[in-house]
Amino acid sequence: MSTRDKLKDLIDRRSVARLGGGEKRIEKQHSQGKMTARERIEVLLDEGSFEELDMFVMHRCVNFKMEQSKIPGDGVVTGHGTIDGRVVYVYAQDFTVFGGSLSETMADKICKVMDMAMKVGAPIIGINDSGGARIQEGVTSLGGYAEIFERNILASGVVPQISAIFGPCAGGAVYSPALTDFILMTEDSSYMFVTGPKVVKTVTGEDISVADLGGADVHASKSGVAHFKVEDEDEGLLLIRKLVSYLPQNNMEEAPLMETNDSIDRIADELNDIVPDNPNLPYNIKDVIFTIADEGEFLEVHRNYAKNIVVGYCRLGGMSVGIVANQPNYLAGVLDCDASRKAARFVQMCDAFNIPILTLVDVPGFLPGSGQEYAGIIIHGAKLMFAYGEATVPKVTVTLRKSYGGAHDVMSCKQLRGDFNYAWPSAEIAVMGAKGAIEVLESKNIAKISNEEKKAEYISKRVTDYEEAFANPYQAASYGYIDDVIEPRNTRFRVIRAFQTLQTKKLSNPPKKHSNIPL
Ligand code: HXC
1 MSTRDKLKDL IDRRSVARLG GGEKRIEKQH SQGKMTARER IEVLLDEGSF
51 EELDMFVMHR CVNFKMEQSK IPGDGVVTGH GTIDGRVVYV YAQDFTVFGG
101 SLSETMADKI CKVMDMAMKV GAPIIGINDS GGARIQEGVT SLGGYAEIFE
151 RNILASGVVP QISAIFGPCA GGAVYSPALT DFILMTEDSS YMFVTGPKVV
201 KTVTGEDISV ADLGGADVHA SKSGVAHFKV EDEDEGLLLI RKLVSYLPQN
251 NMEEAPLMET NDSIDRIADE LNDIVPDNPN LPYNIKDVIF TIADEGEFLE
301 VHRNYAKNIV VGYCRLGGMS VGIVANQPNY LAGVLDCDAS RKAARFVQMC
351 DAFNIPILTL VDVPGFLPGS GQEYAGIIIH GAKLMFAYGE ATVPKVTVTL
401 RKSYGGAHDV MSCKQLRGDF NYAWPSAEIA VMGAKGAIEV LESKNIAKIS
451 NEEKKAEYIS KRVTDYEEAF ANPYQAASYG YIDDVIEPRN TRFRVIRAFQ
501 TLQTKKLSNP PKKHSNIPL
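Sequential numbering from 1 applies to the sequence shown in my numbering.
If you want it as structure tokens, here you go:
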């Protein structure tokens, strides 16, 4: 073959590989509103930055006459590229090739980019769209999954890992995404479950659709498996680009500092009136977040799951900051099992990747009752406490209103290594709310009063006494548990200044193999 022919041969081989499973299967993919693996990568990465690897890898299976059907690339497109100029490693399963099912060689390809991402310290983004283990290969496919799982585990806390689910993801295959930091699902075209509807019907008799069992809605709102639900793939890929912008490349670096036109000392008068006079009335904590964040931008994580706590990323003075905030607008911002798990995971993610944490507190306590106790609120609440107490990143806490009981301690209090703990004048920091406290302290005295009017008068007086003593931030401030009581309108610059002075913070935990967080 002449040099020219060799060149032409290369170009032909590339064209064949780029077609994946062929025009017909690509058409089918498009007709379902799905992109091909390469189209997805194109949207995800900076234009022209993708360097594909292992385009000519083919499977080695000889079962079921598989040796007669080989497709270069073998069901996954892998390589590296950039997002906003920063390197990321990517793999995208190609459903047009054997349904994106995982073969031994496909697992090798994925492991290769994961290993390289670890070597250079860059995020790994996996786009999942697969029929699961390659049935014809049997056990080597299972081994391949386990190779990927092991790498997911070792990469955890070292480089950010993001999983997009843009199609089927079933059986044990769900566990690779589950081991990563973020899962994003598309509405209508993606699903995740350990066993599909047919097996469910056989084993338990339950009749359930694919969407109701493991669709994006279910995982974004009920199970909390998915951190993000998006309408379509374009939205999902752009969201991943945004998410990456808030994260560092690896655990030895910090998230990029962005330029902002939003003045650091911008005063927000509207915050002075945001907390209603009546402590039982709600307000939307997201209004506070949007008001203090640079340019009002906030990337919410787990938006539809455990809405009584809000978590996500914003920038403050250009710094990437993780926000954890009780939401008085939903279940009065109470801490329950789901909210505790959600926030604990987020705090751990921030701490692993050197992202400072701002905690906005307005919490009436832990949700009482047998439902929560049986569901293990003790352990789930302890997760959040553990995550905060172990975190060494800069931590600033602002108590806006209620901060009662155990929930006060959990929500990044001073003694759990809060660096700067501020409170608004509307803060109430106490063991419990006034009514509950008076019922406990005064029940015998109250019982002695037979006249209902006098009883009400007595209770009201005691409640007022209690509120005067505790329904304010000054008792906590007198002990130094609160560093300063601040005017709400100044929150942005007080918090930014605090984080700026904490940039050189050094704190480490005692040496150990690893901690034993109450899982
Ligand atoms: C080999 C597969 C495959 C698989 C799909 N294909 N899944 N090939 N192994 N697991 C092939 C099909 O034969 C078909 O090939 C092409 O991919 C597209 O599949 P269709 O069925 O035509 O597509 P669709 O109708 O969209 O249905 C998609 C699907 C279905 C729901 C995913 O294919 C399906 O149920 N597949 C099997 C899923 C499964 O049970 N997997 C094993 C799970 S257990 P042609 O040539 O016709 O285009 C598991 C264990 C992992 O994964 C354990 C890890 C620890």
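Think of the CB as a built atom: it goes at the ideal place given N, C-alpha and C, for glycine as much as any other residue.
Whole-angstrom distance between residue j and residue i, CA atom to CA atom
i: S443; j: S163; result: 55 Å
i: V230; j: L384; result: 27 Å
i: R303; j: E104; result: 37 Å
i: V139; j: C61; result: 12 Å
i: L257; j: P248; result: 10 Å
i: D419; j: M55; result: 50 Å
i: C111; j: D181; result: 17 Å
i: G73; j: K109; result: 9 Å
i: N152; j: N128; result: 14 Å
i: N280; j: P328; result: 9 Å
i: F493; j: I267; result: 8 Å
i: G144; j: K70; result: 18 Å
i: M114; j: E270; result: 47 Å
i: K448; j: G405; result: 28 Å
i: K6; j: R14; result: 12 Å
i: N421; j: L502; result: 13 Å
i: L45; j: D262; result: 28 Å
i: I26; j: Y191; result: 20 Å
i: H219; j: D234; result: 20 Å
i: P510; j: F386; result: 14 Å
i: F149; j: A178; result: 10 Å
i: I11; j: T3; result: 13 Å
i: L299; j: Y313; result: 5 Å
i: T204; j: F193; result: 15 Å
i: Y479; j: M116; result: 51 Å
Backbone secondary structure at residue i - three-state DSSP
i: C111; result: helix
i: I309; result: strand
i: V495; result: helix
i: G436; result: helix
i: H227; result: coil
i: E64; result: Here the sequence assigns Phe to residue 64, which means Glu is not the residue at that position. F64: helix per DSSP, three-state reduction.
i: R530; result: With the chain running from 1 to 519 in the structure shown, residue 530 is simply not present.
i: P445; result: Sequence check: residue 445 is Asn here, not Pro. Helix at N445.
i: N490; result: helix
i: Y466; result: helix
i: G126; result: strand
i: K402; result: strand
i: E204; result: One point to set straight first is that residue 204 is Thr, not Glu, in the sequence displayed. Of the three classes helix, strand and coil, the one that applies to T204 here is helix, per DSSP.
i: G381; result: helix
i: A220; result: helix
i: L360; result: strand
i: G196; result: coil
i: G143; result: helix
i: G480; result: coil
i: L502; result: helix
i: E235; result: helix
i: N421; result: strand
i: K395; result: strand
i: I459; result: helix
i: V120; result: helix
i: E428; result: strand
i: A133; result: strand
i: V97; result: coil
i: E366; result: The displayed chain sequence assigns Phe, not Glu, to residue 366. Strand.
Cutoff 7 Å: residue i Cβ touching any chain C Cβ
i: H302; result: As a matter of chain content, chain C is missing from the structure shown, which is built from one protein chain.
message: To test your reading of the DSSP string, which unbroken alpha helix (DSSP H) runs of 4 or more residues are found completely within the segment 158-191?
response: List check, alpha helix (DSSP H) in window: 175-178.
- request: Report yes or no: do three or more beta-carbon pairs, one from the segment 214-228 and one from the segment 88-102, lie closer than 8 Å?
  value: Taking 8 Å as the limit for Cβ pairs, the verdict is that the segment 88-102 does not touch the segment 214-228.
- request: Take every Cβ of the segment 126-142, pair it with every Cβ of the segment 167-185, and state whether three or more of those distances are shorter than 8 Å.
  value: Contact between the segment 126-142 and the segment 167-185 is established, with three or more Cβ pairs separated by less than 8 Å.
query: Counting Cβ pairs, one atom from each stretch, are 3 or more of them under 8 Å apart for the segment 423-438 and the segment 462-482?
result: Yes, the segment 423-438 is in contact with the segment 462-482.
- prompt: Just checking, does the segment 449-468 make contact with the segment 396-408 on the three C-beta pairs under 8 Å criterion?
  reply: The segment 449-468 is not in contact with the segment 396-408.
field: Cβ pair count under 8 Å reaching 3, the segment 39-54 against the segment 74-92
entry: In short, these stretches touch, since the Cβ pair count reaches three.
Minimum length 3: unbroken beta strand (DSSP E) runs contained in the segment 13-95: Runs of the beta strand (DSSP E) inside the segment 13-95: 51-53, 76-83, 86-93.
query: Hey, which unbroken runs of the alpha helix (DSSP H) at 4 residues or more fall wholly within the segment 267-344?
result: You should have 285-292.
query: So does the segment 433-450 actually touch the segment 487-500, counting three or more Cβ pairs closer than 8 Å?
result: Taking 8 Å as the limit for Cβ pairs, the verdict is that the segment 487-500 does not touch the segment 433-450.
- prompt: Taking one C-beta from the segment 345-357 and one from the segment 319-335 each time, how about it: are there three or more such pairs within less than 8 Å?
  reply: Yes: the two stretches touch, three or more of their Cβ pairs being nearer than 8 Å.
message: Would the segment 149-163 count as touching the segment 239-246 if we require 3 or more Cβ pairs under 8 Å?
response: Touching, yes.
message: Is it the case that the segment 403-415 contacts the segment 288-295, given that we only count it when at least three CB pairs across the two stretches are under 8 Å?
response: Touching, no.
Three CB pairs or more closer than 8 Å across the segment 198-211 and the segment 368-376: The segment 198-211, when compared against the segment 368-376, does not touch it at the 8 Å Cβ threshold.
field: At least three beta-carbon pairs within less than 8 Å, the segment 470-490 to the segment 255-275
entry: With the cut-off at 8 Å, the segment 470-490 and the segment 255-275 touch.
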